[in-house]
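S.K.: Structure in C-alpha cells, see below.
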Amino acid sequence: MGAARRRAALLLAAVVSVNASYTVMIPFVPDLEDRVGAGPLVVALTFALFAAAKALAQPLGGWWVDRWRADRVAMLSMLLAAVGIAATAFADSGATLLAARVVWGVGEGLVSPALYAGMTALCRRHGVPTGRMMGSFGAAAIAGFLLGPLIAGLAGPASLTGLFLVGAVVTALTAVGLVLAIPGPDAVPATAPADADATPASAAAPAAKDAPAPVAPSRWYVWALLLGLMDMFTFVVYSALEPLLPLHLRAVDSDSSRSVISAVLVGGLAMSALVMWLMGRFTPSLRRLTVTGLALSAVGLCALAAGKSVWVVAACFLVYMAGYATLFLAARRGVVELKAASADDGKAYGLFGLVSDLGNVVGPLIGVALYEATGRFAFALLGAASAGALLAVAFVLRRPGFILGRAAAQGTPARTPAVAGTTS
C-alpha cells in the first residue's frame, strides 16, 4: 500500500469512527433508563446536548486548525472524545451522563474541521482528485452511521460499560492514526489535485473577460455559509424523514415490523453510500451535482406521498437517498475546493459544520409537525421544497458569468497550485 492510500485509509477510518459513535448510543436507550434512571427528558437531552456541543465546537475547532496544525488538533480532539466516551461508560446519574455526552460532543466537533483540512492537505500532498476523495469520505460517513447500531447489536450480552470502554480505546488509537494520516504543514505538494471536470488554465484564459470578479479574501465566509445552508437544507429534509418514514410505512401496511422498517432505512443508506462512491469516481461538476441532487430528491419525496405499498415506498426512498447522497457530496466537495484557494481553511470548515448540523436539530421537529398536520402529504411538501430549491438554483446558474464555485476559487491566492478551476 502506497503512502497516499495508507494515509487515506487512516483518515477514512477516523470518519467511520466519528459517525459510528453518533449512532451507537441509540440501541442503549433502555439501558440508560435502567442504569441512571433516565426519563424521557434526560434521554432527549442525551442526544440533543451531544448534537449541540458538536455543532457549537466546530467554529472553535476551525479557528484552532488555522492557528496550529490540523494533525495535532485532530489527535487532541479525538483524545478528548475518548475521554467523553469513557466517562459515558462510567456515568451513574443523569447529570454525569449529560456532562460526559457534552465532552464527547465537543471532542467530535473540534475534530471535524481538522478532518476536512486533513483531506485538503492529503489531496494536495499526493495529487489525489478532490472529487474522488470526497466520494470516499461520503461512503465512509454513511458506513459509520450504519456501523454504530450494528456494533451495538452484535455486542449482545456485553455491558454498556465494557462496550464503551472498548470504544474509548479505539477512538484513542484513531487519534494516533490521524497524526500519521494528515500531512504536516512542512509537506511539499507533489502533484496538484485535479478532477475530471477541471478547467485547464490555458483553456480558461481566453474567457477571462467573462469570469466573475475575484472575491475579496474576507468573503470566504459567504461561500462557506452558502454551502452550509445547502447542506443544512439537505439535513433538514433527511432528518425530517427519520420519524416520518416509519410512521408512513406503518400507515400503508399495519403489519410492517421493526425489521421491515430497518431494512428500508438500511437499504436507503446503502444506496447513498454507493452513489457517493460512484460520484467520487466520475467527479461531475458541482453545478451538475447540485441540480441532479435536488431533482432526485424532489421526485423521490413526491412519489413517497403517493406510495401505497411497502415496496413502492422503499423504491421511492431509494430515489430520494440517491439525491441526498449527491447533495451531501456536492456541499463537502464545494467547501474543500473553496478552501484550497484561501488562507482561512479551518474557519470555513467550522462555519460550514455549524450551519450544516443545525439541520439535524430542526428537521425532526419539522417532519413530525408536517405529518401531524397533513399526513402522507408531508412528503409532497418536502418534495415541493426541494423543487423550489431546484428552481432557485437553476435561476441563479442562468445568470450571465456565474459558475458555481468559480468565484470562490478565484479568491485569495491558493496555498497550493491548480485547485482553482476544479469547481466549475
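Its first residue numbered 4, the sequence shown is counted upward by one per residue in the working numbering.
Ideal Cβ placement from N, Cα and C applies to all residues, glycine included.
So for Trp66, helix, strand or coil by DSSP?
M.R.: Reduced to three states, the DSSP call for Trp66 is helix.
S.K.: Using three-state DSSP, classify Asp198 as helix, strand or coil.
M.R.: In this prediction, Asp198 has a pLDDT of 47, which is less than 50 and means its spatial position is unreliable; nothing more can be read from the coordinates.
S.K.: Express the C-alpha separation of Gly130 and Leu153 in angstroms, rounding to a whole number.
M.R.: One C-alpha to the other measures close to 35 Å.
S.K.: Straight-line CA distance for Ala1 to Lys350?
M.R.: Residue coverage of the chain in this structure runs from 4 to 427, which leaves residue 1 outside it and unanswerable.
S.K.: Taking the alpha carbon of Thr49 as the point to measure from, which residue in Gly108, Met81, Leu15 has its own alpha carbon closest?
M.R.: Nearest option by C-alpha distance: Gly108.
S.K.: Can you give me the Cβ contacts of Ser96 inside the same chain, cut-off strictly under 7 Å, excluding the 5 residues immediately before and after it?
M.R.: Excluding positions up to five away in sequence, the list reads Val39.
S.K.: Tell me the rounded alpha-carbon separation between Ala390 and Asp234.
M.R.: Distance between the alpha carbons of Ala390 and Asp234 is about 16 Å.
S.K.: With C-beta atoms as the reference, is Leu125 less than 7 Å away from Arg10?
M.R.: A contact, by the Cβ cut-off of 7 Å.
S.K.: Go to Pro132, then tell me how far its alpha helix (DSSP H) extends in each direction, as first and last residue.
M.R.: Unbroken run through Pro132: none, as it is neither H nor E.
S.K.: Verify whether the separation of the beta carbon atoms of Thr177 and Met81 is less than 7 Å.
M.R.: Taking 7 Å as the Cβ cut-off, Thr177 and Met81 qualify as a contacting pair.
S.K.: Compare the Cα-Cα distances from Leu230 to each of Leu368, Val396, Ala73 and report the closest residue.
M.R.: Of the candidates Leu368, Val396, Ala73, the one whose C-alpha sits nearest the C-alpha of Leu230 is Val396.
S.K.: Just the C-alpha distance for Thr286 and Arg135, rounded to the nearest angstrom, thanks.
M.R.: Roughly 7 Å between the two C-alpha positions.
S.K.: So what does DSSP say about Met28, is it helix, strand or coil?
M.R.: Residue state, collapsed to three classes: coil.
S.K.: If we call anything under 7 Å between Cβ atoms a contact, is Pro246 one with Pro367?
M.R.: In contact: Pro246 and Pro367 (Cβ atoms closer than 7 Å).
S.K.: In or out: Trp314 buried (at least 16 other Cβ within 10 Å) or exposed?
M.R.: Exposed, by the Cβ-count rule.
S.K.: Alpha helix (DSSP H) containing Ile185: first to last residue?
M.R.: Note, Ile185: premise wrong, no alpha helix (DSSP H); not H, not E.
S.K.: Quick check: what's the CA-CA separation for Leu299 versus Ile88?
M.R.: Straight-line Cα distance between these residues: approximately 38 Å.
S.K.: The alpha helix (DSSP H) with Trp71 in it runs from where to where?
M.R.: Premise fails: Trp71 is in no alpha helix (DSSP H) and is neither H nor E.
S.K.: In three-state DSSP terms, what is Asp360?
M.R.: Helix at Asp360.
S.K.: Could you tell me if Ala193 is buried or exposed, where buried requires 16 or more neighbouring beta carbons within 10 angstroms of its beta carbon?
M.R.: Bear in mind that a pLDDT of 48 at Ala193, under 50, signals an unreliable position, so the number given afterwards is only what the model happens to contain. Its Cβ having fewer than 16 others within 10 Å, Ala193 is exposed.
S.K.: What do you reckon, are the CB atoms on Thr52 and Trp226 nearer than 7 Å?
M.R.: The identity of residue 52 in the sequence shown is Leu, whereas the question assumes Thr. No, these two residues do not count as a Cβ contact at 7 Å.
S.K.: In the region 218-286, which residue ranges form an unbroken alpha helix (DSSP H) of at least 4 residues, counting only runs that do not cross its ends?
M.R.: DSSP runs (the alpha helix (DSSP H)) wholly in the region 218-286: 223-255, 261-285.
S.K.: Please determine, among Val294, Thr293, Val316, Thr295, the residue with the shortest C-alpha to C-alpha distance to Leu304.
M.R.: Among Val294, Thr293, Val316, Thr295, the Cα nearest to that of Leu304 is on Val316.
S.K.: Keeping to the same chain, check which residues put their C-beta closer than 7 Å to that of Val21; ignore five residues upstream and five downstream.
M.R.: Taken in chain order, the residues that qualify are Glu111, Val114, Gly147.
S.K.: Taking Val27 and Gly180 to be in contact with their CB atoms under 8 Å, please state how far apart those CB atoms are, rounded to whole angstroms.
M.R.: Actually they do not touch by this definition, with Cβ atoms about 19 Å apart.
S.K.: In whole angstroms, what is the alpha-carbon distance linking Ala376 and Leu385?
M.R.: Cα-Cα distance, rounded: 13 Å.
S.K.: Can you give me the start and stop residues for the alpha helix (DSSP H) that Ser300 sits inside?
M.R.: Per DSSP, Ser300 belongs to the alpha helix (DSSP H) from 289-309.
S.K.: Classify Lys311 as buried or exposed, calling it buried when 16 or more other Cβ atoms lie within 10 Å of its own Cβ.
M.R.: Exposed, since its Cβ has fewer than 16 Cβ neighbours within 10 Å.
S.K.: Please list, in chain order, all residues of the same chain as Leu35 whose beta carbon is under 6 Å from its beta carbon, the five residues on each side excluded.
M.R.: Excluding positions up to five away in sequence, the list reads Ala41.
S.K.: Is it the case that the CB of Ser20 approaches a heavy atom of the ligand SAH more closely than 6 Å?
M.R.: No copy of the ligand SAH appears in this structure; indeed no ligand is present at all.
S.K.: Determine the closest residue to Phe93 out of Phe167, Gly65, Ala120, Ala56, with distance taken between C-alpha atoms.
M.R.: Residue Phe167 is the option with its Cα nearest to Phe93.
S.K.: Are the beta-carbon atoms belonging to Ala276 and Ala155 less than 7 Å from one another?
M.R.: Contact: no.
S.K.: Which of helix, strand or coil does DSSP assign to Ile406?
M.R.: Caution applies to Ile406, whose pLDDT of 47 falls short of 50 and renders its modelled position unreliable; the value that the coordinates give is listed next. Looking at Ile406 - three-state DSSP - the assignment turns out to be coil, as it is neither helix nor strand.
S.K.: DSSP three-state label for Ala41, please.
M.R.: Coil at Ala41, not helix or strand.
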